[in-house]
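S.K.:
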Amino acid sequence: MKRTDLTFKPSLVAIVLATTLLSACGDDNDNMPPVESTPPAAVMQTFTVTVTNLTANQPLSPVFLAAHNAETYLWKVGQPASVAIEMIAEGGDASGLEALENLTASVTGTNPILPGMSETLTLSVEESAVANISLASMLGNTNDGFTGVNSYNIAGMEVDAPIMMRRMAYDAGTEVNSEAKGTIPGPADEGEGFNEQRDDINFVHGHPGVISQYDGLADSVLMPSHRFDNPVVAIKIVRTE
Amino acid sequence: MKRSIISISLLAAGLFSVSTQAANIEVSVTNLTHGNHFTPILIATHDGDSQLFNVGEKATPALQKMAEGGEIADLNTAVTGAGGMTIMNPAKGLLAAGHTADSDMLDTGDNNYLSIVAMVLPTNDAFIGLDSWMIPSEAGRYTVYINAYDAGTEANDEIINGGGMPGVAGIPFAPSDDGGENANGVMDGSQNMHVHIHPGVLGDTDPAGGASDLDSRIHRWLNPVAKVVVTVK
Chain A
1 MKRTDLTFKP SLVAIVLATT LLSACGDDND NMPPVESTPP AAVMQTFTVT VTNLTANQPL
61 SPVFLAAHNA ETYLWKVGQP ASVAIEMIAE GGDASGLEAL ENLTASVTGT NPILPGMSET
121 LTLSVEESAV ANISLASMLG NTNDGFTGVN SYNIAGMEVD APIMMRRMAY DAGTEVNSEA
181 KGTIPGPADE GEGFNEQRDD INFVHGHPGV ISQYDGLADS VLMPSHRFDN PVVAIKIVRT
241 E
Chain B
1001 MKRSIISISL LAAGLFSVST QAANIEVSVT NLTHGNHFTP ILIATHDGDS QLFNVGEKAT
1061 PALQKMAEGG EIADLNTAVT GAGGMTIMNP AKGLLAAGHT ADSDMLDTGD NNYLSIVAMV
1121 LPTNDAFIGL DSWMIPSEAG RYTVYINAYD AGTEANDEII NGGGMPGVAG IPFAPSDDGG
1181 ENANGVMDGS QNMHVHIHPG VLGDTDPAGG ASDLDSRIHR WLNPVAKVVV TVK
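First to last, the sequence lines map onto chains A and B.
For the first sequence, counting from 1, position 199 maps to 199 in this note's numbering; every step adds exactly one.
For the second sequence, counting from 1, position 84 maps to 1084 in this note's numbering; every step adds exactly one.
(1) Throw me the rounded Cβ distance for the B:Arg1217 and B:Thr1205 pair, which I believe falls under 8 Å.
(2) For the pair the region 129-145 of chain A and the region 56-72 of chain A, tell me if three or more CB-CB distances fall below 8 Å.
(3) Between A:Gly116 and the rest of its own chain, which residues show a CB-CB distance below 7 Å, the 5 nearest in sequence each way excluded?
(4) With 16 other CB atoms within 10 Å as the buried threshold, where does A:Arg166 fall?
(5) Bridge partners for B:Lys1227 per DSSP, in chain order?
(6) Could you tell me which chain A residues have their CB closer than 9 Å to the CB of B:Pro1207, listed as they occur along the chain?
(7) So B:Thr1080 contacts chain A; which residues on that side make the cut at Cβ distance below 7 Å?
(8) Taking 6 Å as the limit between beta carbons, can you name the residues of its chain near B:Thr1100, skipping five residues before and five after?
(9) Return the Cβ separation of A:Asn141 and A:Leu222 in integer angstroms, given the expectation that the two are a contact with Cβ distance under 8 Å.
(10) Once the 5 residues before and after B:Thr1153 are set aside, which same chain residues still bring their CB inside 6 Å of it?
(11) Once the 5 residues before and after B:Asn1184 are set aside, which same chain residues still bring their CB inside 6 Å of it?
(12) For the alpha helix (DSSP H) holding B:Thr1080, just list the boundary residues, first then last.
(13) Do you know offhand how far B:Asp1110's Cα is from B:Asp1047's?
(14) Residues of the region 206-233 of chain A in Cβ contact with chain B at a cutoff of 9 Å, in chain order, please.
(15) If A:Glu326 sits next to A:Gly193, beta carbons under 8 Å apart, how far is it from one beta carbon to the other, in whole angstroms?
(16) Note down the Cα distance separating A:Thr38 from A:Gly156, rounded to an integer number of angstroms.
(17) In chain B, what lies closer than 7 Å to A:Gly259 by C-beta?
(18) Between A:Arg239 and chain B, is any beta-carbon pair separated by less than 8 Å?
(19) When the Cα of A:Ser178 is compared with those of A:Ala169, A:Asp189, A:Met168, which residue comes out closest?
(20) Could you tell me whether any Cβ in chain A is nearer than 8 Å to the Cβ of B:Thr1123?
(21) Count the other CB atoms within 10 Å of the CB of A:Pro224; is the residue buried (16 or more) or exposed (fewer)?
(22) Under the DSSP definition of a beta bridge, which residues are partnered with A:Met165?
(23) Determine which residues of the region 1128-1162 of chain B have a Cβ less than 7 Å from any Cβ of chain A, and write them out in chain order.
(24) Which residue comes first and which comes last in the alpha helix (DSSP H) that contains B:Ala1044?
(25) Quick check on the DSSP output: the beta strand (DSSP E) that includes B:Ile1116 runs from which residue to which?
(26) Closer than 6 Å by C-beta to A:Val232: which residues in its own chain qualify, once you throw out the five before and the five after it? Chain order, please.
(27) Reducing DSSP to helix, strand and coil, say where A:Gln45 ends up.
(28) Which residues of chain A have a Cβ atom closer than 9 Å to the Cβ of B:Asn1223, listed in chain order?
(29) Does the beta carbon of A:Asp171 come closer than 8 Å to any beta carbon on chain B?
(30) I want to verify the contact list: residues of chain B whose CB lies under 8 Å from the CB of A:Asn57, in sequence order.
(31) Look at the alpha carbon of A:Gly92 and the alpha carbon of A:Asn111, and state the distance between them as a whole number of angstroms.
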């Protein structure tokens, strides 16, 4: 099957969907000629999001970060994962998430975040469109483990008043956690990434952790250092302007 | 000028903290685990003098009944006897992994604190626990992630043998029929008799024997194990 490697090609396109805000007046009166006026210069708010990998030996795939409205979620616990979440959870491939509609802005990191390391991503959103942000990244040495932020409200944040949070690991539920050779894309195995087949319980849930070959899973390629506990990431959000 | 504003806000905060405000709340509990059930859930609002459980202390007999066998009647009696308001069993039975139980509206009366418990099954004496979470006075939707605790009342031998009564060793049953049998038992002599964070189950991959009747690929978890959403009306 298709093998999406965890060398994580640099994000193809940083899709920044320009916010279209040229909607004219809510026209009850279609006969009025359109009013020509220069729209006021857009006031932007810029946010930096720093992600720190708290795990012992789980590289995080290049982080996908997006701004969107308050109704958008990347996943729902207990519901089947979207294909976009399945792609990032099984293979670290953010392209499905980048292609989502109704993102106000999005950016994907260029490299994996190695254990103990941090990366800062920057997102600019027109002030009137500031609502929620989401973030997602794969735990590379798992079958389909991921972490992220799921529709967190940043409207009303003050400049230079950081918000800190820590987040847990989720299991996309799309690929059985066999830990077997050839099934894990990270450096522990360099196996397969995304595979559209779904052979697990098919709903998103809290990741139960990995077992490893040292703890009784005979076919596992994982070692004790690949185990993890929650939380798996620390996140710092700062509005810079 | 600045100081007076501060003192006014402190005064206001002080007033709010002593006044008890009746509120209507709705509570939803989502099972975040891969393959464990929650037994009937007890949702309780109570005053600051009551607790369903207390980490670092011995479990009460009522808590032990809940943690070892899923029986919440005694805890409910204790809470309501102390003026608390409760909702019992919002899932109307077991709450499977990935599922959410939504409570009916609960009038908190004079009670400012929310606690929630349910046994994690199949385990010896694990339970999900929210202890004395202060109910906000401001209307809104609040999310809390909660952990699995170990009641400290029974060794985690991981043997499924129908044992659910307090003091009887063993696990009552595996609701999804995905447990094993004939395990030798997980024995390490640990003796923490106080309520503590559950270390998680071990399990194995041998359904016909081995150390554990639990399956390491199905029954393990990491905390948090439940997502609680409280809607204050």
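Where is the CB? At the ideal position from N, CA and C, for every residue including glycine.
Note that the coordinates shown come from a computational prediction; the quantities given were computed from them, not determined experimentally.
M.R.: Let me spell this out:
(1) With a Cβ gap of about 7 Å, B:Arg1217 and B:Thr1205 count as contacting.
(2) yes
(3) Asn53
(4) exposed
(5) B:Thr1030, B:Tyr1145
(6) By Cβ distance, chain A contributes nothing, its closest Cβ being about 13 Å from B:Pro1207, past 9 Å.
(7) By Cβ distance, chain A contributes nothing, its closest Cβ being about 31 Å from B:Thr1080, past 7 Å.
(8) Ser1028, Thr1030
(9) 6 Å
(10) Ala1059, Gln1064, Asp1125
(11) Ala1211
(12) 1073-1081
(13) 7 Å
(14) Gly206, His207, Pro208, Gly209, Ile211, Asp215, Gly216, Leu217, Ala218, Phe228, Asp229, Asn230
(15) The question about residue 326 of chain A has no answer, for chain A in this structure spans 1 to 241.
(16) 27 Å
(17) Because residue 259 of chain A is not part of the residues shown, which for chain A are 1 to 241, the question remains open.
(18) no
(19) A:Asp189
(20) no
(21) exposed
(22) A:Ile235
(23) Flagged: no residues at all.
(24) Not the alpha helix (DSSP H): B:Ala1044 falls in the beta strand (DSSP E), residues 1042-1046.
(25) 1113-1121
(26) Leu54, Thr55, Thr147, Ala169
(27) strand
(28) Going along chain A in sequence order, the residues near B:Asn1223 (Cβ under 9 Å) are Met168, Gly206, Asp229, Asn230.
(29) yes
(30) Here the premise fails: no neighbours, minimum Cβ distance about 16 Å.
(31) 11 Å
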